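**Student:** This is the structure I have questions about; it appears just below.
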DNA sequence: GCTAGTCACTGAATCCGTTTAGTGCGTCTA
DNA sequence: TAGACGCACTAAACGGATTCAGTGACTAGC
């Protein structure tokens, strides 16, 4: 058995052409007139030798790898991440690219960037934050805005009119949390309801304080739309500590439902998001391809005990 | 401004030597006699030009990138992952390598492997599962075994003698879950106590059934040591549904404490693990370096309401 | 009958760092 | 005084795919 892998030269020799021609065939290089017979010979040789282009060599020549790097940042634990990544990966693969996801710090990324030379670097927070809406959609809702509207809509349907918007204190969620606040405020205004932004710190004491202030300053608030499930859990814990219960004292909905929502005590109502389409779309964008018709990513509230 | 980056040839020209010599200096190639004066000239030129070796070119020549790929598998959400990755990343960086973490499927990884050609691929489940103990430790506990002992020790100290071991039904946790079972059984036996393995499926109905069976077949069981926090949450939810409460009916401890433990209702006692040292060690191993003195990674049970 | 153009293909340069196999020179040993 | 050896360096090959600039054969147009 040959210990080393087949190269483009081996393929060329087997097909009786030059490496140049093999490259033209394999990459469908435009402007090259190569008859089907020759193409076929090359492709048979490729199949027979089990040839795969050496990605590193190609990257050296092309200046970058056929890789896309996705920076997940603080959304690391986000539930829709899995479907987003799956969709993105699938679409990238279709175009001969692979996906790398980083969850780490920026400094850890420097070396990585140098080492893999990705074609594109995607920053999830920035993508989401930028509101990725298609050009000329005339102000129609885009992905995140639609989700926010669905979450709020659930509370509106249940008759709530004064709704607190619970945002995380962690600054790494910016500019996402401000965006969400604006989207919910706008959606509430459209429906003739009121949105009251409140900041929920991670620590129980801070969360308890924020909750107490809400109760004191906005006694008419009857529901809370949380930034994500984790914020909802903190709110629920603070309510429990204060002797309050959902939904009687305050209804609570999560966002981007994760596996813990159903297990929580009480089980949390939350917005379930399928982000696969969003991922596919982001992939096409990253590759500079047209993004196709924009389908709004589906989402719906799974109702449990807290609303 | 020069639009393209500095190459080794630029450095060589600036330092008045050949590219070969620059390479020898930068890589501290053994067996080469290069006076300090020349080394200094080269290093100044490097600093002045801001030269960084082109990782892709190097990878092409060397046959692999200075990268290590870590396969997180089902441990993706595991809380100690963060510290493990941080430690590993730090140590790898010290040796000029970078870390890539994959959370995805094997098929998605194929292309990635080809594209980045990592020096080593690490499979977390296999590393953990292999019991990574130093040679000749005479049967002393290694990392995971020590953690299991600490978790169980917490229950033993509280007077429990008949302890259920709650393992996930998800087969992707193998061989980790079997290993844990054996470790806890052994630790219990050493203390003259009994360990009762039970399998906890994700779905509430299955979990309820498993719990009911435990109560029926082992009425003397007073505590549950869970495989991880998620299993503990499922158990807690099943107990709540059955009208049982922790710790009065059954004490429950988690493993590898995550951010939800403190928020849970009731707040979950769990084992907090600092895996940074383990990560550093795994990194040194991956690079084929000596792993240094083996310090047992620290862990302790954070006691809350469920024990 | 000659130029222009297309077709089908190829040689060689290129990307950039590493490494092998030397070279020239001086010193030490037998 | 030849041979061996160490020192301080270098030229050229190498890894493998891509791509620019052709080349020879043939057809079409005037």
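Protein chains in written order, with the working numbering: chain U, 60 to 366; chain G, 60 to 366. All C-beta atoms, glycine included, are put in the ideal place defined by N, C-alpha and C. All of these numbers come straight from a predicted model, not from anything done at the bench.
1) Is the separation between the beta-carbon of residue 228(G) and that of residue 244(G) shorter than 8 Å?
2) Between residue 130(U) and chain G, is any beta-carbon pair separated by less than 8 Å?
3) So what does DSSP say about residue 64(G), is it helix, strand or coil?
4) Can you tell me whether residue 314(U) is helix, strand or coil according to DSSP?
5) Using the three-state DSSP reduction, which class does residue 186(U) fall into: helix, strand or coil?
6) Please name the residues in the stretch 219-239 of chain G whose beta-carbon is closer than 8 Å to at least one beta-carbon of chain U, in chain order.
7) Counting along the chain, where does the beta strand (DSSP E) carrying residue 159(U) start and finish?
8) Would you please verify whether the beta carbon of residue 104(U) is less than 8 Å from any beta carbon of chain G?
9) Just the Cα atoms here: how many angstroms apart are residue 264(U) and residue 274(U)?
10) Based on Cα-Cα distance, which residue from 158(G), 116(G) and 108(G) lies nearest to residue 339(G)?
11) Quickly, what does DSSP pair residue 224(U) with across the bridge? List them, please.
12) Closer than 7 Å, Cβ to Cβ, to anything on chain U: give me those residues from the stretch 320-341 of chain G, in chain order.
13) Count the other CB atoms, across all protein chains shown, that sit within 10 Å of the CB of residue 99(G); report buried if there are 16 or more and exposed otherwise.
14) Starting from the Cα of residue 212(U), find the closest Cα among 358(U), 65(U), 122(U) and 63(U) and give me that residue.
15) Leaving out the 5 sequence neighbours to the left and right, which residues in its chain are closer than 7 Å to residue 281(U) when beta-carbon positions are compared?
16) Under 7 Å Cβ-Cβ, which residues of chain U neighbour residue 170(G)?
17) Do we get a CB-CB distance below 8 Å when we pair residue 197(U) with the residues of chain G?
18) Residue 86(U): buried (16+ other C-beta within 10 angstroms of its C-beta) or exposed?
19) Closer than 9 Å between beta carbons: that is the criterion. Which residues of the stretch 281-302 of chain U meet it against chain G?
20) Return the first residue and the last residue of the beta strand (DSSP E) that residue 214(G) is part of.
21) Return the Cβ separation of residue 295(U) and residue 327(U) in integer angstroms, given the expectation that the two are a contact with Cβ distance under 8 Å.
22) Where residue 314(U) and residue 105(U) are concerned, what is the direct C-alpha to C-alpha distance, given to the nearest angstrom?
23) In the DSSP output, which residue or residues are listed as bridge partners for residue 359(G)?
24) From 272(G), 318(G), 112(G) and 334(G), pick the residue whose C-alpha is nearest to that of residue 49(G); which is it?
25) Does DSSP put residue 101(U) in a helix, a strand or coil?
26) Under the rule that 16 or more other beta-carbon atoms within 10 Å means buried, what is residue 365(U), buried or exposed?
**Tutor:** A quick look at the data gives this:
1) no
2) no
3) coil
4) strand
5) helix
6) none
7) Its beta strand (DSSP E) spans residues 157-161.
8) Taking Cβ atoms only, chain G never reaches closer than 8 Å to residue 104(U), which makes this a no.
9) 15 Å
10) 158(G)
11) 256(U) and 284(U), per the DSSP bridge assignment.
12) For the stretch 320-341 of chain G, which is checked against every Cβ of chain U, the residues closer than 7 Å are 322 and 324.
13) exposed
14) When each option's Cα is compared against that of residue 212(U), the closest is 358(U).
15) 219, 221, 309 and 310
16) 152 and 157
17) Any reading at residue 197(U) must be qualified, since the residue scores a pLDDT of 29, below 50, and its modelled position is unreliable; the value itself is stated next. Answer no: the Cβ-Cβ gap between residue 197(U) and chain G never drops below 8 Å.
18) With fewer than 16 other beta carbons inside 10 angstroms of its own, residue 86(U) counts as exposed.
19) Those residues of the stretch 281-302 of chain U that come within reach of chain G (Cβ to Cβ, closer than 9 Å) are 289, 292, 293, 295, 296 and 299.
20) No beta strand (DSSP E) holds residue 214(G); the alpha helix (DSSP H) holding it covers 202-216.
21) The C-beta distance from residue 295(U) to residue 327(U) rounds to 7 Å, short enough to meet the 8 Å contact threshold.
22) 49 Å
23) 331(G)
24) Only positions 60 to 366 of chain G appear in this structure, which leaves residue 49(G) out of reach.
25) Here residue 101(U) sits in helix by DSSP.
26) Residue burial annotation: residue 365(U) is buried, with at least 16 other C-beta atoms found within 10 angstroms of its C-beta.
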